[in-house]
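Numbering (the working numbering), first residue to last: 14 to 127.
The beta carbon of each residue, even a glycine, is placed where N, CA and C say it ideally should be.
The structure under discussion appears below in the form of C-alpha cells.
Rendered as C-alpha cells:
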C-alpha cells in the first residue's frame, strides 16, 4: 500500500494482490514505526458503507464491498474510488486506486534474477 497525504485528501494506492485480498474480506494494514514505540498506522477494510474513523491511533477506512466490486469490473482504470468523510467539521476525501501493473512488475523483476 502506498499512502499520499494532501490537505483535505488521503490517497491510498493498492497493488493488485492487496486489492484482491481486500475484496476477499482481508483487511490491509500499513504501519510506520518511529522511535520509542510510536507508530502511525492505516487500515483498509471492506464493509457495507463508507466510514473513516480513528481507533487506538489507527486510521481505519472502510469501503463498500459493492463499490470495490464495481471498481474491479472496470480495471485497469485511472479512476479509482472517491469517498468523503466529514469529521469535526473537516471534510476529507479518501481516494482508493489500484496499481494493476504492481503484480506484473514484481513477477518481471523476480524472473530476471539469477
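| Asked | Found |
| --- | --- |
| Spatial neighbours of residue 66 in its chain, beta-carbon cut-off 7 angstroms, leaving aside the 5 residues before and after | 73 |
| Between the CA atoms of residue 14 and residue 114 - distance to the nearest angstrom | 13 angstroms |
| Residue nearest to residue 46 in terms of C-alpha spacing, selected from 110, 55 and 40 | 55 |
| Cutoff 7 angstroms; reference residue 34; Cβ partners in own chain excluding five residues on either side | 41 |
| Straight-line Cα distance separating residue 96 from residue 105 | 8 angstroms |
| Whole-angstrom distance between residue 108 and residue 93, CA atom to CA atom | 7 angstroms |
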